[in-house]
Amino acid sequence: MKLKYFIGILFVLVILLSFIPKISGNLTDVKFYSTIDTTKIIPVKGVISEISNNLYKFIDKDGNEGKLYASNITNKEGIFYLKYNEYENHFTLKKFEKNTFFITFPFIPGLEEKARIILFHVPVAWVSVLAFLISMFYGIRYLKSENYEFDVKSVNSASLGFLFCILATVTGSIWARFNWGSFWNWDPRETSIFILLLIYAAYFALRSAIEVEEKKAKLSAVYSIIAFVTVPFFIFILPRITSGLHPGSADDLSSPGGGPVIKSGMSFEMRIIFFLSLIAFTLLYFWIFTLKNRVTELERKKI
Amino acid sequence: MIKESFFILKKDYKSELRNRYSFNSLLLFVIITITILLFSIGLEDISLDIHAGLFWIIVFFAATNGLSRTFVSEEERGTTLVLKLISESGTIFLGKLLFNLCLMVLLSLFVFILYLFFMNGFLIKNYFLFFVTIIFGSIGLSSASTIIAAIISKASNKGTLYPILSFPILLPLLIILIGLTKSSMIGKSIINELNQFLLIISYSGILITVSFLLFDFIWKD
Chain E
1 MKLKYFIGIL FVLVILLSFI PKISGNLTDV KFYSTIDTTK IIPVKGVISE
51 ISNNLYKFID KDGNEGKLYA SNITNKEGIF YLKYNEYENH FTLKKFEKNT
101 FFITFPFIPG LEEKARIILF HVPVAWVSVL AFLISMFYGI RYLKSENYEF
151 DVKSVNSASL GFLFCILATV TGSIWARFNW GSFWNWDPRE TSIFILLLIY
201 AAYFALRSAI EVEEKKAKLS AVYSIIAFVT VPFFIFILPR ITSGLHPGSA
251 DDLSSPGGGP VIKSGMSFEM RIIFFLSLIA FTLLYFWIFT LKNRVTELER
301 KKI
Chain F
304 MIKESFFILK KDYKSELRNR YSFNSLLLFV IITITILLFS IGLEDISLDI
354 HAGLFWIIVF FAATNGLSRT FVSEEERGTT LVLKLISESG TIFLGKLLFN
404 LCLMVLLSLF VFILYLFFMN GFLIKNYFLF FVTIIFGSIG LSSASTIIAA
454 IISKASNKGT LYPILSFPIL LPLLIILIGL TKSSMIGKSI INELNQFLLI
504 ISYSGILITV SFLLFDFIWK D
C-alpha cells in the first residue's frame, strides 16, 4: 500500500509549509496600522539599497517603495519589523530577521501568527462534513439494497466524521481562547458545530437503542439521511445570515453578504497550501475509512 | 390519497376523543411547566429574549410529550397491522402529519393563552406576525417530529430517545422561531421577516419531502 507513504509525505510538506513561512505585510499596511496603533510593529519582507548614511531605499515584496532610517544593517534582504513616522514620511527599523524562504503569509491585523489555524481547522471541519455526506450516501445505498456492508460503511464514515468534528471543535476552541478571549463564545458557527456533534451523538444513541441488526441498520440509515438534509441549514445558511465572529458571517466586512470563508484575507501562496492541506486531510480520511472497513469485515469473519 | 389521509386524521381525532390521553396530559404538562416557571421567576422582570425563549421551550417539551406518542400508541394498542392493511404508507404518514400539525397549533395556542394570562411582561405588539409565527412553527415542528416519532416507535427506550433525536434537528428552527417571536414582541412588521419565513418553508419542505420518501422503509418493517 503506497498510499500511506504518499499521505505521510503530503502531511510533512503541509506542516513544514504552514510553519516555515513568516508573516509579512507591505508598506501600505505599516502606514495604515501605525496611525491606528502607535506601538504596533509590523513585519515586512523586502530588499534595501543604501542612499546615504543610515538612509535606505526600501522595496517590499509587492513592489512598494519607501524611505527607511536604520543603522548597522549588514543584510540587504529579509524581514524588517517596521514602524511608520507620519510627520517625516519615513519608516524606522525595530528588528531584523534573516529570511530567504520564498513564501510569506499576509499580515492580517488581529490575527497575525494565529492566521495559520485556517490551514488545519478548516480542512478538518470540511472532512467531517464530507464524512457525514458519505455516511448518508451509504445509508441510501443500504436502504436500496439492504446489503450489510453498506451499513458498516455508513457507521464507519459517521464515526470518523464525529472524530474530525471533535478535532475541529477542539482546535477552534483552543484558538478562540487566544484570539477571542474564551474557549466558547456561542458564535453561530460554534453553535452549529455543537448541534452537528449532538446530531451524530444522537445517531449513535439510536444505534445502541435497537438490538435487532437489520432494524438498527434501517432506522439509523433513515435518521442519518434526515439528519444530513438539515446540516446545510446550520453549516451554510444560519452562520451566513446571522452576525458572528467567524469570517463569512453577515457582518463580515471583507466578504459583504456572507461569501465563502476562503476569500477572506488569504494570499495566493497561502491558498495553495490551504488546498494542499485540504487534499491531505481528505486522503487521510479515505485511508482511515478503508482501513476501518477492512477491520470490521475481518472481525465479522472471525465471529 | 389526500382524502384518505383525512380519514386517518379523523380516526386519530376520534380515538383521541375516546381516551383524551395525549391532549389532557399535554395540557397538564403545560400548566405544570408554567407554574414552575412562575415560582422560579417570582416578581422579577424578565427580558423579551427570555420570554421568547421560554415560550418555545415550553412548546418544544410539550410537543416532545405529545407528538412522540403518535406511532408509539399504535404499536402499543397493536393497531399497526390493521393500518398497514387498510392503506398505503404515504397516506398514513400524511394523516399523522396532519394530526400532529393540528395538535401543535392547538398546543401552541393554549401555551400562548396561558402564558399571556400568567406572565405580566409578555406583551405582543404585532399579533399578526405572532400568529403567523405560531402556524409556521407548528408546521416546522410537526414535519420533523412525525418521522422521528416513527423511528422511535421501533426502538427500545422510547421516552428518552425522542428528545435526543429531535432536539438537534429542530434547533435551527427553534432559533429562527425565537427570533421571530422576539420581533413580534418588539412590534416589527412582517415584511422585514420574510427571509426567516422562507427559511422555515424550505426547512419544513425538505423535511416533509425526505420523510415522505423514507417513511415507507420504517413502516414496512
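Quick note, the sequences are listed as chains E and F, same order.
Numbering-wise (our numbering), the first sequence opens with residue 1 and increments by one.
Numbering-wise (our numbering), the second sequence opens with residue 304 and increments by one.
All C-beta atoms in this analysis are idealised placements derived from N, C-alpha and C, irrespective of residue type, glycine included.
Small disclaimer: the values here were computed from a predicted structure and weren't measured.
Local Cβ density within 10 Å of residue i, reported as buried at 16 or more and exposed below that
i: leucine 206 of chain E; result: buried
i: threonine 449 of chain F; result: buried
i: tyrosine 84 of chain E; result: buried
i: lysine 216 of chain E; result: buried
i: threonine 490 of chain F; result: Checking the sequence, you will find glycine at residue 490 of chain F rather than threonine. With fewer than 16 Cβ atoms within 10 Å of its Cβ, glycine 490 of chain F is classed as exposed.
i: glycine 443 of chain F; result: buried
i: threonine 373 of chain F; result: buried
i: leucine 510 of chain F; result: buried
i: leucine 219 of chain E; result: buried
i: asparagine 89 of chain E; result: exposed
i: threonine 436 of chain F; result: buried
i: methionine 270 of chain E; result: buried
i: asparagine 495 of chain F; result: exposed
i: glycine 161 of chain E; result: buried
i: proline 260 of chain E; result: Confidence in proline 260 of chain E is poor, its pLDDT being 49 and thus under 50, which makes the residue's placement unreliable; the coordinate value appears in the next sentence. Per the 10 Å Cβ criterion, exposed.
i: phenylalanine 150 of chain E; result: buried
i: tyrosine 324 of chain F; result: exposed
i: alanine 190 of chain E; result: One point to set straight first is that residue 190 of chain E is glutamate, not alanine, in the sequence displayed. Buried, because 16 or more other Cβ atoms sit within 10 Å of the Cβ of glutamate 190 of chain E.
i: aspartate 37 of chain E; result: exposed
i: tyrosine 5 of chain E; result: exposed
i: threonine 28 of chain E; result: exposed
i: asparagine 322 of chain F; result: exposed
i: phenylalanine 268 of chain E; result: exposed
i: asparagine 156 of chain E; result: buried
i: phenylalanine 228 of chain E; result: buried
Chain E contact residues for residue i, given Cβ-Cβ distances below 8 angstroms
i: valine 375 of chain F; result: Neighbours of valine 375 of chain F on chain E: none; closest Cβ ~14 angstroms, over 8 angstroms.
i: isoleucine 450 of chain F; result: Val222 and Ile226
i: tyrosine 506 of chain F; result: Thr230 and Phe233
i: isoleucine 509 of chain F; result: Val229 and Thr230
i: leucine 517 of chain F; result: Leu143, Val222, Ile225 and Ile226
i: valine 513 of chain F; result: Ile225, Ile226 and Val229
Residues near residue i by beta carbon distance below 6 angstroms, same chain, minus five either side
i: phenylalanine 402 of chain F; result: Leu312 and Asp315
i: leucine 284 of chain E; result: Ile7
i: alanine 458 of chain F; result: Leu464
i: serine 371 of chain F; result: Ala452 and Tyr465
i: glycine 257 of chain E; result: Unreliable placement is indicated for glycine 257 of chain E, whose pLDDT of 45 sits below 50; the coordinate value is still reported in the next sentence. Excluding sequence neighbours, glycine 257 of chain E sits near nothing in its chain.
i: isoleucine 262 of chain E; result: The predicted model places isoleucine 262 of chain E with a pLDDT of 49, which falls under 50 and marks its position as unreliable; any figure quoted below should be read in that light. Here the set comprises nothing.
i: leucine 278 of chain E; result: Pro123
Chain F residues whose Cβ lies nearer than 8 angstroms to that of residue i
i: isoleucine 195 of chain E; result: Pro471, Leu474 and Pro475
i: phenylalanine 234 of chain E; result: Leu474 and Pro475
i: glutamate 65 of chain E; result: In chain order: nothing, as chain F lies at least about 48 angstroms away.
7 angstroms Cβ shell around residue i - same chain, five flanking residues per side excluded
i: lysine 61 of chain E; result: Ser24, Asn26, Lys45, Gly46 and Thr104
i: leucine 386 of chain F; result: Glu377 and Ile395
i: phenylalanine 332 of chain F; result: Ala365 and Asn368
i: histidine 246 of chain E; result: Asp187, Arg189 and Pro239
i: phenylalanine 281 of chain E; result: Pro123, Val124 and Val127
i: aspartate 352 of chain F; result: Lys485
Listed by chain order, chain F residues near residue i by CB distance under 9 angstroms
i: lysine 218 of chain E; result: Lys457, Phe520, Ile521 and Asp524
i: isoleucine 166 of chain E; result: Within chain F, no residue comes near isoleucine 166 of chain E; the closest Cβ sits about 15 angstroms away, beyond 9 angstroms.
i: leucine 198 of chain E; result: Ile467, Phe470, Pro471 and Leu474
i: leucine 238 of chain E; result: Pro475, Ile478, Ile479 and Leu502
i: leucine 334 of chain E; result: The structure shown does not extend to residue 334 of chain E, since chain E is modelled only from 1 to 303, so the question has no answer here.
Chain-ordered neighbours of residue i on chain F, where CB pairs are closer than 7 angstroms
i: leucine 291 of chain E; result: Going along chain F, no residue has its Cβ under 7 angstroms from leucine 291 of chain E, so there is no contact; the nearest lies around 29 angstroms.
i: alanine 131 of chain E; result: What alanine 131 of chain E touches in chain F: nothing, since even the nearest Cβ is about 17 angstroms away.
i: alanine 202 of chain E; result: Ile467, Leu468 and Pro471
i: lysine 215 of chain E; result: Lys457 and Asp524
Own chain, CB closer than 8 angstroms to residue i, minus 5 neighbours either side, in chain order
i: histidine 121 of chain E; result: Ala168, Thr171, Gly172 and Trp175
i: leucine 468 of chain F; result: Ile451, Ile454 and Ile455
i: lysine 114 of chain E; result: Trp175, Phe178 and Asn179
i: serine 182 of chain E; result: Ala176
7 angstroms Cβ cut-off: residues of chain E touching residue i
i: asparagine 460 of chain F; result: Ala209
i: serine 350 of chain F; result: Near serine 350 of chain F there are no residues of chain E at all, since even the closest Cβ is about 17 angstroms away, more than 7 angstroms.
For residue j and residue i, believed in contact at Cβ under 8 angstroms, the rounded distance
i: isoleucine 305 of chain F; j: leucine 406 of chain F; result: Not a contact, Cβ separation roughly 19 angstroms.
i: cysteine 165 of chain E; j: leucine 133 of chain E; result: Cysteine 165 of chain E to leucine 133 of chain E, Cβ: 13 angstroms. No contact.
i: leucine 419 of chain F; j: methionine 488 of chain F; result: At roughly 12 angstroms, the Cβ-Cβ gap does not stay under 8 angstroms, so leucine 419 of chain F and methionine 488 of chain F are not in contact.
i: leucine 82 of chain E; j: phenylalanine 96 of chain E; result: At roughly 10 angstroms, the Cβ-Cβ gap does not stay under 8 angstroms, so leucine 82 of chain E and phenylalanine 96 of chain E are not in contact.
i: isoleucine 493 of chain F; j: phenylalanine 431 of chain F; result: 6 angstroms
Checklist entry - Quick check: the region 103–116 of chain E against the region 17–30 of chain E, are there 3 or more CB pairs under 8 angstroms? => result yes
Checklist entry - Would you say the region 112–130 of chain E touches the region 67–75 of chain E, given that touching needs at least three Cβ pairs under 8 angstroms? => result no
Checklist entry - Looking at C-beta atoms only, is the number of pairs between the region 268–288 of chain E and the region 358–372 of chain F that lie closer than 8 angstroms three or more? => result Touching, no.
Next on the checklist: Within 8 angstroms, do at least three Cβ pairs link the region 472–489 of chain F to the region 498–515 of chain F?
Outcome noted: Contact between the region 498–515 of chain F and the region 472–489 of chain F is present, because at least three Cβ pairs lie under 8 angstroms.
Checklist entry - If you pair each beta-carbon of the region 403–417 of chain F with each one of the region 330–348 of chain F, do three or more pairs fall below 8 angstroms? => result yes
Item to check | Inter-stretch contact (C-beta, 8 angstroms, three-pair minimum) for the region 130–142 of chain E and the region 56–71 of chain E | outcome: Verdict: no, contact absent.
Next on the checklist: Closer than 7 angstroms between beta carbons: that is the criterion. Which residues of the region 135–163 of chain E meet it against chain B?
Outcome noted: Although the question refers to chain B, the structure presented lacks it and instead comprises the protein chains E and F.
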